[in-house]
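Enquirer: So that we are looking at the same thing, I have put the structure below in C-alpha cells.
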Amino acid sequence: MTWAEEVLAQKAGQSDVAVGEYVVARPDAFMMHDIFAADVLELLERTGIQTLDCPERVSIIFDHMVPAPSEYAAAHQKKARILAKKYGIHHFYDVGRGICHQVMVEEERVGPGDLVVATDSHTTTYGAVGAASCGIGSTEMAYALATGTLWFKVPETVLVWLENRLPWGVSAKDLILSLMKTIGSDVAQNRSLEFLGPGAVSLELASRMTIANMGVEMGTKFALFPPERKTRAGPYVAEYAVDLASVKPMVALPHHVENVAPVTEHEGIPIDQVFIGSCTNGRLSDLREAASILRGRHIASSVRLIVTPASSRVYQEALREGLLEDLVQAGAIIEGPGCGPCFGGHMGLLAPGEKVIGTHNRNFQGRMGSLQAEIYLGSPLTAASTALTGVLTDPRTIMASQREGNS
Amino acid sequence: MTKDEMTFVGRVWLLGDNISTDLLSPGHYVHDPMDIRLRHVLEAVRPDFAAGVRPGDIVVGGKNFGCGSSRESAPQHLKDLGVSVVVAESFARIFSRNAVAIGLPVLTCRTVVKSVRDGAVITVDLARGVVNVGDDMVLQAEKLPAQLLEVLNKGGIVPVLEEMGRTQGSTGGPGTL
Ligand code: SF4
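Same order as they appear, the protein sequences are chains A and B. So that you can map any letter, position 147 of the first sequence is 431 in the working numbering, and since no number is skipped, the others follow by simple counting. So that you can map any letter, position 107 of the second sequence is 102 in the working numbering, and since no number is skipped, the others follow by simple counting.
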C-alpha cells in the first residue's frame, strides 16, 4: 500500500482500501486559525451542537491577522476565544505563538501516521512528519468537530524518488519550485505525492516542511514523506526520479506558482521589497541562511527587507544565536511571529507597479496588496542576496564572493 | 431532495477549464452585501451569467473546476443563484468538498464539455451517475457514494448538524453550554 492508503485504512478501521473508494475516517488532529475559528464554532452554536466529539484533538492558532490590525479582526478573535473556552478546546495558541502549521509541528500536535484536517490549504505541510493532512472548508470542519469523523476519497499516488543531495547554494525551496514545473498540477491534482529515496532521507525536517507545504500548489491532496520507508511500495500512477545534485536556484515569476525559471535567467530585475518568512520558509534554518548572506553588510538602499519568524520559538532561538541582530544591523524590519504580509493581510503590502520577492508559497495577482504589484518567489538565500543587491540575484554569486573574501 | 429529485433537468451554461474561486466569488467584493456579490459571479468569463441564470440551470465546466482558495462562498453563490448541479471534467478538491457540504451537487464527467452545447437542455441523474444529452446520448459520470448522496439529499451539512443538535439538546449531553 502507499502511505496515503495505509493511513486512511488505519483511520477508517479497515484492513485495506482501494484507490477511488470513499471511507469515513477518524482524524487524529483538527486545527483552525483565526480567520475561520469563530465561523466554525458559531455554526456549531447556531445548530445546537453542545459538545465536540473530541475537544482534546482540537487546536486553535491565531496567526493570520495578528496582532489584530482592525476592529473587525479584534472582535472576530474575541468571539473565537470565548467560544473556544465554551467548547473546551484543549490547545489554544493566542496571538504571538506563531504560524499555525509551524506551531502544530513544534507542539507535536501531529505525528507520523496521523490523519489531520485543518481550515487551511497549506495543511499538507504535516506530510513532512509523515502525517496525511489536508485542508477542508469551515462547514465541513463543524461537522468533523461534532462527529469526530469525516469522509475521504482514497487518492491515487505519484512517486517522487529523490537521489543524492542538494548542492551548495540550493535549498528545498528550489527543489519544490522545480518540481512545480516538472510535475505540475495536471499530474498531481487530487493525488498524493510520496517522496522516497536516499535524497528524501537526507532532507531535514525544515526542508521537508517547505516541500510538503508547497505540494498543495500543484493541487495535491497529501504531500508525504513516509517515515522509515526505504523502498517503493505502490501502486503509483506516475513516477518521477530527481537528482538533487542537479537542482539550481529557482524563482517563480508573476503571477503563477508554476511559472518557474532558474534565477540566472532573470537576474537583474529591480526589486522593491524582500519578504523572508511564512510557513514555507520562516524557520530557524531559513533565518540562518539569510543571516549568512547579510551578516556584516547592508541591504541596498532601494529595498525594504521584512523578516517574519515563523513562531515564537524560532524568534527566541534566532535571538539567542544573534541572527536577529545581524539582520537588523543589515537593515531588516523584524515582525512578530505570524503570517505577516504573506497573504496580503497587513504588515508589508505593495503599491501598484512594485515588485517583491518572498520566500512564501503563492504569487497570485493581488495577494500582497495592489493588483498591479508583482510577486516573485524564491529561497531565503535568493531573497537575502536580492535584498543585498536590490536586483534579483543568484545567491551563488554572493556566496562565491564571500568565500574569496575569507581566503 | 427525494430520490426522484436527484435527477436534474436544466439549461447548460458551458464554461472552460480552471474556473477559479476568484471567478466564482471575486475577492474584490467579499465585504459587499450579498446581492452585489451575486451580481459579479463569473463576470470575468461570462458577463451574461449572473443576470441570465435561472433556477434549475446547470453549470458545465472543464478541468480543475473551483481551483484556488478554500472559500465556501464559491459554491454557495452558484447555489444562491439557483444552479441545480455542476458537472465538470474534474474538480479542485476543496471546491467539491465544500459544494457537497453546502448542499450543491457536483458530478465528475470526463466527456461532458465536448458533448454538450451552451444553452442545451440536459438531464443529470445523480444517483445513477449519468448525464443525458439529447435523445440517445448518455454520458457516464463518476457515481457519488451513498454517504455523500445522503448529505446532498438533506440539503448539505447544516441540516445534518441541526438534526444532531436537536438530539443533543433533548438528551442534554455533557458540557451543555
Ligand atoms: S504563512 Fe501564508 S501560507 Fe502560511 S498559513 Fe500563513 S497566510 Fe497561509
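Ideal placement from N, C-alpha and C gives every residue a C-beta, glycine not left out. Since the structure is predicted, the reported quantities are computational estimates derived from the model, not experimental observations.
Check this for me: beta carbons of Ser422/A and Asp323/A, under 8 angstroms apart or not?
Expert: Within the first sequence, residue 422/A is the residue found at index 138, counting from 1. Within the first sequence, residue 323/A is the residue found at index 39, counting from 1. Yes; because the gap between Cβ atoms is below 8 angstroms, this pair is in contact.
Enquirer: Can you pull the chain B neighbours of Val690/A, defined as C-beta to C-beta under 8 angstroms?
Expert: In the first sequence, residue 690/A corresponds to position 406, counting from 1. A small fix is needed here, since residue 690/A is Asn in this sequence, not Val. Result: empty, since nearest Cβ-Cβ is about 46 angstroms, beyond 8 angstroms.
Enquirer: Which residues of chain B have a Cβ atom closer than 8 angstroms to the Cβ of Lys505/A, listed in chain order?
Expert: Here residue 505/A refers to the residue found at position 221 of the first sequence. Ordered by position in chain B, the residues that pass the 8 angstroms Cβ test against Lys505/A are Arg88.
Enquirer: Relative to the C-alpha of Leu634/A, which residue among Cys623/A, Gly620/A, Val389/A and Gln649/A is closest?
Expert: On the first sequence, residue 634/A is found 350 positions in, with the first residue counted as 1. With distances taken between Cα atoms, Leu634/A lies closest to Gln649/A.
Enquirer: Would the stretch 569 to 582 of chain A and the stretch 352 to 361 of chain A be scored as touching if the rule is three or more Cβ pairs under 8 angstroms?
Expert: no
Enquirer: Looking at chain A, which residues of the stretch 147 to 162 of chain B have a Cβ within less than 8 angstroms of any of its Cβ atoms?
Expert: Residues are counted here when their Cβ sits less than 8 angstroms from a Cβ of chain A; for the stretch 147 to 162 of chain B these are Gly151, Ile152, Val153, Val155, Leu156, Glu157, Met159, Gly160 and Arg161, given in chain order.
Enquirer: Among Pro664/A, Leu661/A and Ala309/A, which one has its Cα closest to the Cα of Thr431/A?
Expert: For the purposes of this step, residue 431/A is taken as the residue at position 147 of the first sequence. Among Pro664/A, Leu661/A and Ala309/A, the Cα nearest to that of Thr431/A belongs to Ala309/A.
Enquirer: Comparing the CB of Ser663/A with every heavy atom of ligand 3, is any distance shorter than 7 angstroms?
Expert: For ligand 3, the structure offers nothing, since it holds only ligand 1.
Enquirer: For ligand 1, is there any heavy atom lying closer than 7 angstroms to the beta carbon of Asn645/A?
Expert: Here residue 645/A corresponds to residue number 361 of the first sequence, with the count starting at 1. Yes, ligand 1 has a heavy atom inside 7 angstroms of this Cβ.
Enquirer: Please list the partners that Ser65/B has in chain A, where partner means a Cβ-to-Cβ separation under 9 angstroms.
Expert: Counting from 1 along the second sequence, the entry for residue 65/B is found at position 70. Phe320, Thr403, Asp404, Ser405, Gly419, Ile420, Gly421 and Ser422, listed in chain order.
Enquirer: Classify Ile333/A: buried if its beta carbon has 16 or more other beta carbons within 10 angstroms, exposed otherwise.
Expert: Numbered from its first residue, the first sequence carries residue 333/A at position 49. It counts as buried.
Enquirer: Is there a C-beta anywhere in chain A that falls below 8 angstroms from the one on Ser20/B?
Expert: Numbered from 1 along the second sequence, position 25 holds the residue referred to as residue 20/B. So no, Ser20/B is outside the interface.
Enquirer: Note down, in chain order, all residues in the stretch 421 to 444 of chain A with a beta-carbon under 8 angstroms from any beta-carbon belonging to chain B.
Expert: Gly421, Ser422, Thr423, Glu424, Ala426, Tyr427, Ala430, Thr431 and Trp435
Enquirer: Between Ser491/A and Ala456/A, is the Cβ-Cβ spacing less than 8 angstroms?
Expert: Position 207 of the first sequence, counted from the start, is the residue given in the question as residue 491/A. Position 172 of the first sequence, counted from the start, is the residue given in the question as residue 456/A. Yes, they are a contact pair.
Enquirer: What residue range is occupied by the uninterrupted beta strand (DSSP E) comprising Val640/A?
Expert: Counting from one through the first sequence, the residue named residue 640/A turns up at place 356. Where Val640/A is concerned, the enclosing beta strand (DSSP E) stretches over Lys639 to Gly642.
Enquirer: To the nearest angstrom, how far is it from the Cα of Asp556/A to the Cα of Val587/A?
Expert: As a first step, residue 556/A must be located in the first sequence, where it is residue number 272. As a first step, residue 587/A must be located in the first sequence, where it is residue number 303. The alpha-carbon atoms of Asp556/A and Val587/A are separated by roughly 5 angstroms.
Enquirer: Chain A partners of Leu227/B, CB-CB under 8 angstroms?
Expert: Not covered by the structure: residue 227/B. The range shown for chain B is -4 to 172.
Enquirer: Does any residue of chain B bring its CB to less than 8 angstroms from the CB of Thr286/A?
Expert: Counting from one through the first sequence, the residue named residue 286/A turns up at place 2. Closer than 8 angstroms: no.
Enquirer: At the 8 angstroms Cβ level, is Ser68/B part of the contact set with chain A, yes or no?
Expert: For the purposes of this step, residue 68/B is taken as residue 73 along the second sequence, with counting starting at 1. No, Ser68/B lies away from the interface with chain A (no Cβ there is under 8 angstroms from its Cβ).
Enquirer: Report the partner residues of Tyr524/A according to the DSSP bridge assignment.
Expert: Residue mapping note: residue 524/A aligns to position 240 of the first sequence, counting from 1. Per DSSP, Val444/A.
Enquirer: Give the C-beta separation of Ser476/A and Thr504/A to the nearest angstrom, bearing in mind that I take them to be a contact with Cβ-Cβ under 8 angstroms.
Expert: Along the first sequence, one-based indexing puts residue 476/A at 192. Along the first sequence, one-based indexing puts residue 504/A at 220. Right, their Cβ atoms sit about 7 angstroms apart.
Enquirer: Let me see if you follow: with CB-CB separation under 8 angstroms, is Lys295/A close to chain B or not?
Expert: One-based indexing of the first sequence puts residue 295/A at position 11. It does not; no Cβ of chain B falls within 8 angstroms.
Enquirer: State the CB to CB distance for the pair Glu542/A and Met464/A, rounded to an integer number of angstroms; the pair is presumed to be in contact (CB under 8 angstroms).
Expert: Here residue 542/A is taken as the residue at index 258 of the first sequence, counted from 1. Here residue 464/A is taken as the residue at index 180 of the first sequence, counted from 1. Their Cβ separation, rounded to whole angstroms, is 5 angstroms, which keeps Glu542/A and Met464/A in contact under 8 angstroms.
Enquirer: Under 7 angstroms from any heavy atom of ligand 1, does the C-beta of Ser595/A make it?
Expert: Along the first sequence, read from residue 1 onward, the residue named residue 595/A stands at position 311. The answer is no for Ser595/A.
Enquirer: Less than 8 angstroms between C-beta atoms, sequence neighbours within five positions excluded: which residues of the same chain meet that for Gly628/A?
Expert: Taking the first residue of the first sequence as position 1, residue 628/A is located at position 344. Cβ within range, chain order: Gly650, Arg651, Met652 and Gly653.
Enquirer: Cβ of Ile659/A versus every heavy atom of ligand 1: is any distance shorter than 7 angstroms?
Expert: Counting from one through the first sequence, the residue named residue 659/A turns up at place 375. Checking the Cβ of Ile659/A against ligand 1 gives no.
Enquirer: Is the shortest distance between the beta-carbon of Gln298/A and the beta-carbons of chain B less than 8 angstroms?
Expert: Within the first sequence, residue 298/A is the residue found at index 14, counting from 1. With 8 angstroms as the cut-off, Gln298/A does not count as an interface residue toward chain B.
Enquirer: Could you tell me the alpha carbon to alpha carbon distance between Leu603/A and Leu672/A, rounded to whole angstroms?
Expert: Mapped onto the first sequence, residue 603/A falls at position 319. Mapped onto the first sequence, residue 672/A falls at position 388. Answer to the nearest angstrom: the Cα atoms are 21 angstroms apart.
Enquirer: I'd like the ranges of any alpha helix (DSSP H) spanning at least 4 consecutive residues and lying wholly in the stretch 418 to 488 of chain A.
Expert: 422 to 431, 456 to 466, 468 to 472 and 482 to 486
Enquirer: Closer than 7 angstroms by C-beta to Gly77/B: which residues in its own chain qualify, once you throw out the five before and the five after it? Chain order, please.
Expert: Numbered from its first residue, the second sequence carries residue 77/B at position 82. Counting only Cβ-Cβ distances below 7 angstroms, and skipping sequence neighbours, we find Val48, Arg49, Pro50, Gly51 and Asp52.
Enquirer: 8 angstroms is my cut-off, CB to CB: does Arg92/B come that close to chain A?
Expert: The residue you call residue 92/B lines up with position 97 of the second sequence. So, interface residue.
Enquirer: Please state if the CB of Leu528/A and the CB of Gly692/A are separated by a distance shorter than 8 angstroms.
Expert: Since the first residue of chain A shown is 285 and the last is 691, residue 692/A is not available in this structure.
Enquirer: Contact criterion: CB-CB distance below 8 angstroms. Does Pro332/A meet it with respect to chain B?
Expert: Sequence index remark: in the first sequence, residue 332/A carries index 48 (1-based). Looking at the sequence itself, residue 332/A is Gly, so the reference to Pro does not match. Output row for Gly332/A: interface = yes.
Enquirer: Taking CB distances under 8 angstroms as the criterion, tell me whether Gln656/A reaches chain B.
Expert: Your numbering for residue 656/A matches position 372 in the first sequence. Gln656/A does not count as touching chain B.
Enquirer: Tell me the rounded alpha-carbon separation between Gly5/B and Trp445/A.
Expert: Counted from its first residue, the second sequence places residue 5/B at position 10. Counted from its first residue, the first sequence places residue 445/A at position 161. Roughly 47 angstroms separates the two Cα atoms.
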